[in-house]
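So for the sequence shown, full-length UniProt numbering puts the first residue at 1; every next one is plus one.
Every residue, glycine too, gets a C-beta built ideally from N, C-alpha and C.
Note that the structure is a prediction, hence the values are computed from the model and not measured.
Here's the structure we're looking at; comments come further down.
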Amino acid sequence: MFTRRAILSRPTYWLTEIRMDLMRAVEDYMQTHNMNRRQLAEHLECSPGYVSQMLNGDTNVSLEKLCDVALAVGKVPSVKFEDLDIVLSRDAIQCETSYEVDSTKSDSVHLIYKKPMRIFSTTESLIEA
Numbered sequence: 001m002f003t004r005r006a007i008l009s010r011p012t013y014w015l016t017e018i019r020m021d022l023m024r025a026v027e028d029y030m031q032t033h034n035m036n037r038r039q040l041a042e043h044l045e046c047s048p049g050y051v052s053q054m055l056n057g058d059t060n061v062s063l064e065k066l067c068d069v070a071l072a073v074g075k076v077p078s079v080k081f082e083d084l085d086i087v088l089s090r091d092a093i094q095c096e097t098s099y100e101v102d103s104t105k106s107d108s109v110h111l112i113y114k115k116p117m118r119i120f121s122t123t124e125s126l127i128e129a
């Protein structure tokens with residue numbers, strides 16, 4: 001069984017969180033400004049293909065690009081470093097944890113968190129603790 005500590009100790013978890021935060025900020029900006037992906041690409045001065053990759057989570061955004069995109073959509077990126085034990089304590093209060101393995105995809109783990117419900121998927125295997 002995967003422990004919450006094992007899950008939160010994986011870089012993939014945090015990279016996915018950051019990508020999802022960026023995707024939400026970009027999508028909110030597009031909706032607020034009635035923009036499609038082509039118009040957003042023009043605004044960001046990048047290709048429509050890159051915008052699609054970014055919004056689909058198919059790109060590994062560098063810190064520099066993350067800052068560029070965030071600022072272009074009116075957001076200030078924020079990174080903080082917290083003690084893992086403090087995050088785990090806060091997390092234990094916020095949600096119960098369960099997991100399920102998608103048996104149709106041997107390289108994918110779907111973790112379901114209740115209260116609030118979020119789905120996290122990665123092609124990287126998690127280590128059982």
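Pair within 8 Å by beta-carbon distance, residue i and residue j
i, j, result
"D85", "R4", "no"
"A72", "L44", "yes"
Burial state of residue i (16 or more Cβ within 10 Å)
i, result
"V87", "exposed"
"P11", "exposed"
"M54", "buried"
"I7", "buried"
"L40", "buried"
"V26", "buried"
"V76", "exposed"
For residue i, the nearest candidate out of the options (CA to CA)
i, options, result
"K80", "W14, V26 and S52", "W14"
"G74", "G49, M23 and Y29", "Y29"
"S78", "I18, F2, N60 and M1", "I18"
Neighbourhood of residue i by C-beta, 8 Å cutoff - its chain only, sequence neighbours within 5 removed
i, result
"M20", "G57"
"R37", "M30, P48, V51, S52 and L55"
"M23", "M54, L55 and G57"
Chain-order list of residues whose beta-carbon lies under 6 Å from that of residue i (same chain, five-residue window excluded)
i, result
"M1", "none"
Same chain, Cβ closer than 7 Å to residue i, five either side skipped, listed in chain order
i, result
"C67", "P77"
Residue interval of the alpha helix (DSSP H) (run including residue i)
i, result
"M1", "Per DSSP, M1 belongs to no alpha helix (DSSP H) and is neither H nor E."
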